[in-house]
Every structure is written in C-alpha cells, then in structure tokens.
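Following this note's numbering, the numbering of the sequence shown begins with 1350 at its first residue and continues without gaps. What follows is a set of notes on a single structure, which appears directly below.
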Amino acid sequence: MDIFIINNKDKNAETRKYLIALREIYDSNCSEYKVIECVNRNDTIQKTLYYATLDTTRYIVSIGGNITLNSIINGMFLSKKPLVVIPCGNNNDLYNDINSLSEDTKI
C-alpha cells in the first residue's frame, strides 16, 4: 500500500489536482493506497511515523510544500521506506528551485 500525505490546511488547487490524478491512476490499476490528511506539523510527524513503520507500506508520498515535506522527513527517521516528493503548494522553495532549472538539468 502506498501512503499519500497532505496537510488538510493546504487549500492550494495544485495539491488537490495532484491528489485527484493519483487517485485516478491508482483506482484504474487496482493499486492499494491511503490518503492521510494531517492538521499540523506534529500530526504529520506522528502519522508518517506510524505508516512508515508498517510492513504493508511500500512508499510514502509527500504532496505539498516545505513544511509538509519537512514534517514527513522527520516522521520517517526510523523507516527505510522510499519517499516520493510531489512539491506543490504556497511558497514552496523546492518547487521553485526545481522549476528554475533548465530542462536538461531536471531530475
């Protein structure tokens, strides 16, 4: 099962757009996933820690901005699960840095 973690205070349309697209992909491929909406930084850390240590979890997917990503990373310190980052949201330094790269340097 893959875990999508978002901050439910993030009302950014792009964040919701990514989540809708991911749900469609997973539903059409009959893949298991769970969406975890967190209310604050501590909630994000605690929920990430819980799901990152479950044997049934394949990937943790961070959908959001810097605070969401930072909280998820802090919640994964005991985990060896892969982290997938979808940077979006308001004032997102990672998103802005990636977009400022030229096409041939993007990862």
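For glycine and all other residues, C-beta sits at the position ideal for the given N, C-alpha and C.
Beta-carbon separation (whole angstroms), ILE1412 vs ILE1354, contact threshold 8 Å: With 8 Å as the limit, ILE1412 and ILE1354 qualify as a contact, their Cβ atoms being about 7 Å apart.
Can you name, in chain order, every residue of its own chain whose Cβ lies under 6 Å from the Cβ of THR1405, other than the five neighbours on each side? Counting only Cβ-Cβ distances below 6 Å, and skipping sequence neighbours, we find MET1350.
Judging by CA-CA distance, which residue of ARG1390, THR1397 and ILE1374 is the nearest neighbour of ILE1352? For the set ARG1390, THR1397 and ILE1374, the Cα lying nearest the Cα of ILE1352 is the one of THR1397.
Just to confirm before moving on: does the CB-CB distance between ILE1421 and ILE1409 stay below 8 Å? At the C-beta level, ILE1421 and ILE1409 come within 8 Å of one another.
Same chain only: Cβ atoms within 7 Å of TYR1367, ignoring 5 sequence neighbours per side: Contacts found: ILE1412, ILE1435 and CYS1437.
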